[in-house]
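For the working numbering, add 199 to where a residue sits in the sequence shown, where the first one is 1.
Just so it is clear, CB atoms sit at the ideal spot from N, CA and C, and this is done for glycine as well.
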Amino acid sequence: MEPLFETKKELAKAKFFHRVYAATVFVGICLILNYRLVNFPRGGGRRRAWIGIFMAEFFLSLFWIISQSVRWNVKHNLPSKERLSLRYEEKLPGVDILVCTADPILEPPAMKQYEDMKIQIESATEKGSISEELRSQHKGFLEWDHKVSKQNHQPIVQIIIDGRDTNAVDNEGCQLPTLVYMAREKRPECPHNFKAGAMNALIRVSSEISNGPIILNLDCDMYANDADAIREALCFFMDEKRGHEIAFVQHPQCFDIISENDLYGHYNLVENQVELAGLGGYDAAMYCGTACFHRRDSLSGAKYSYDCRNINEARNKDKRSVDELEKASKVLASCSYEKDTQWGREMGLVYGYAVEDVVTGLTIQCRGWKSMHYNPERPAFLGLAPVTLDNSLVQIKRWSEGLFQIFFSKYCPFIYGYGKIKLGARMGYCNYLLWAPLSLPTLFYVIVPPVCLLHGISLFPKVTSLWFIPFAYVFTTKTVYSIYESMSCGYTLKSWWNFQRMQIIRRATAFFFGFADVIIEQLGLSQTAFAITAKVVTEDVLKRYEQEIMEFGSSSVMFTIIATLAMLNLLSLIGGLINTIFLEFGALQNLISQIILCGLMILVSVPIYEALFLRRDKGCLPFSVMLKSVVFASLACLMPL
């Protein structure tokens, strides 16, 4: 019998090319680290800078090795919905779709198809309340009155459409699915556990009302882009040979409004087509929190067993009335229900982490389940990406903080996953969990070499030295391979360049603050907070984004750091060249590597210089940021080594 989905490995030629690249770069890295050890300066500022750059290069090398694990075993899955229809058209299991909302202002619901509903949503969002006409139509809305608030209210559950009712049809006479509105109970004295708590309440309530064996979870700012998405996902779960092993099928996060060359690097095609597919190659695709199909049993805490096969078994329809179902569901959505249970630990999404989705996926895999990454040519679901730099960095900061928090916890893949998932999968997880500490070597590389250039201190071998060869080879080869990898995934050269800029900006700001917050939390000085990423923008902001003009517009600390680094490299290059040429602090060949580094940083920072000195729109950098960046950069230039 032909399978319902096929797994295709990377072409042998591409795999051979990558392994030759990886092996030669690894040799080059070893030579670079050896150079640092055998040429240790005897003392002074150069010695301190040398120790720092050795540690930075060592960590970057370690991270590069970890990142190769996801490229070593790239696999792509191809479902066959035609075979599914031929075999199981009359036996397809029910699918419960759970849509989470957090803040209707910051995360506007995506409603593209039905104009009346769109108008109602926009009206409610603008007013901050539901109109009396709508409130009277739905008793669930009537329970929101002046006596309750978002953080203090009873559980509210209303079955708006009962899918069992034969009269519940659309204009074309097609049966409508069950539609349920739920607001779980919240009390000031009870922790609500953010999105994880909401998802767990939705899982319980859906099990009471519809109890579909498959769950699709989406965010409220997403919409379906492919009518066949559910059928394709069912191909994985219903495959006769491998389907019973699969806990969830993760689609990549794709976005609706993306500039032509992906200004902020949101639509990371390499991540979707290579890195996440590489994790899926170890049967350990990462759960990303949305656009994911789950087997209900695995999400509810069940360990893998061969008995979890028949998801298409006929389920008896519940004979209880709508009122009885709503009453029973309210108990499941109450604050007290989870007391003295395994919810938030062994059942449902795990509590206590800013990225509860990733740690939940890991625990499911460690219970014996497998997971699949599926990246169709036509994105199945589209969401809204931040269109301002500030909002983008806030989102990345939350992710990097939450991921690094997992690395420090008992769920660290190298410890928790030992003997449960493959080594490649554990390394692949760390490719994401170690985002935050990447900030330290990156900041060192964009601060210390420029300052050393200004002082005439060489940190790299002369161009005429044989030791220069491994530095040049590793830099050139990694750059060329990165361009090849990006363009083979569909990026343009400008998209690749934009992504390199964003990588530096993210590491120097969002990753750094994420790293600092985790360290402070580990010291017991603060607790994790959940930050919602704003998705609402004005027309002028959206217009600048479409024109690929970076949006600043505030005096954020992150923007001050970005501007300071840009000014530091500019001043260091100018001062270093003047000292080298006119004051003869050393031959040019001693400092050529640092000159190249500064030059590249300046090229990457061109949009920042424009925002500082040339632009006059609302998205430019304020004068206060320019002033602070010049002062801080000047102080750094005067910093003794």
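First and last residue of the uninterrupted beta strand (DSSP E) at residue i
i: residue 449; result: 445-449
i: residue 494; result: 491-494
i: residue 719; result: From DSSP, residue 719 is part of no beta strand (DSSP E) but of the alpha helix (DSSP H) over 709-721.
i: residue 473; result: Careful: residue 473 lies outside any beta strand (DSSP E) and carries neither H nor E.
Distance, residue j Cα to residue i Cα
i: residue 824; j: residue 761; result: 10 Å
i: residue 693; j: residue 737; result: 26 Å
i: residue 872; j: residue 226; result: A query on residue 872 cannot be resolved here, the shown segment of the chain reaching from 200 to 840 and no further.
i: residue 451; j: residue 777; result: 49 Å
i: residue 447; j: residue 428; result: 14 Å
i: residue 457; j: residue 468; result: 12 Å
i: residue 547; j: residue 373; result: 33 Å
i: residue 273; j: residue 657; result: 41 Å
i: residue 229; j: residue 424; result: 47 Å
i: residue 521; j: residue 363; result: 10 Å
i: residue 831; j: residue 648; result: 17 Å
i: residue 297; j: residue 674; result: 46 Å
i: residue 526; j: residue 499; result: 22 Å
i: residue 686; j: residue 242; result: 45 Å
i: residue 603; j: residue 713; result: 8 Å
i: residue 405; j: residue 398; result: 10 Å
i: residue 312; j: residue 422; result: Summary for residue 312: the model assigns pLDDT 49, below 50, so the residue's position carries little reliability; its value from the coordinates is reported in the next sentence. So the two alpha carbons sit approximately 10 Å from each other.
i: residue 524; j: residue 699; result: 53 Å
i: residue 684; j: residue 459; result: 19 Å
i: residue 415; j: residue 294; result: 7 Å
i: residue 702; j: residue 215; result: 28 Å
i: residue 365; j: residue 378; result: 14 Å
Residue i - containing alpha helix (DSSP H), residue span
i: residue 213; result: 211-237
i: residue 242; result: Taken as a continuous stretch (DSSP letters only), residue 242 belongs to no alpha helix (DSSP H), as it is neither H nor E.
i: residue 206; result: That residue, residue 206, is in no alpha helix (DSSP H); its beta strand (DSSP E) goes 204-208.
i: residue 649; result: 638-653
i: residue 797; result: 787-803
i: residue 285; result: 280-287
i: residue 570; result: Unbroken run through residue 570 is the beta strand (DSSP E), 569-572; no alpha helix (DSSP H).
i: residue 612; result: 612-615
i: residue 527; result: 521-531
i: residue 836; result: 822-836
i: residue 669; result: 667-687
i: residue 609; result: Taken as a continuous stretch (DSSP letters only), residue 609 belongs to no alpha helix (DSSP H), as it is neither H nor E.
i: residue 455; result: Unbroken run through residue 455: none, as it is neither H nor E.
i: residue 743; result: 738-745
Collapsed DSSP secondary structure at residue i in the structure displayed
i: residue 423; result: strand
i: residue 311; result: Because residue 311 sits at a pLDDT of 48, beneath the cut-off of 50, its placement in the model cannot be relied upon, and the point is left open.
i: residue 806; result: helix
i: residue 263; result: helix
i: residue 582; result: strand
i: residue 758; result: helix
i: residue 591; result: helix
i: residue 249; result: helix
i: residue 626; result: helix
i: residue 295; result: strand
i: residue 483; result: strand
i: residue 565; result: helix
i: residue 619; result: coil
i: residue 633; result: coil
i: residue 819; result: coil
i: residue 351; result: strand
i: residue 702; result: helix
i: residue 277; result: strand
Local Cβ density within 10 Å of residue i, reported as buried at 16 or more and exposed below that
i: residue 826; result: exposed
i: residue 679; result: exposed
i: residue 583; result: buried
i: residue 571; result: buried
i: residue 620; result: buried
i: residue 746; result: exposed
i: residue 387; result: exposed
i: residue 562; result: buried
i: residue 502; result: exposed
i: residue 267; result: buried
i: residue 400; result: buried
i: residue 370; result: exposed
i: residue 518; result: exposed
i: residue 793; result: buried
i: residue 505; result: exposed
i: residue 818; result: buried
Within-8 Å CB hit, residue i to chain C
i: residue 264; result: Within the model displayed, chain C is absent; a lone protein chain is all it includes.
Along the chain, which unbroken stretches of the beta strand (DSSP E) at least 3 residues long are found entirely within the segment 355-441?
355-360, 378-382 and 413-418
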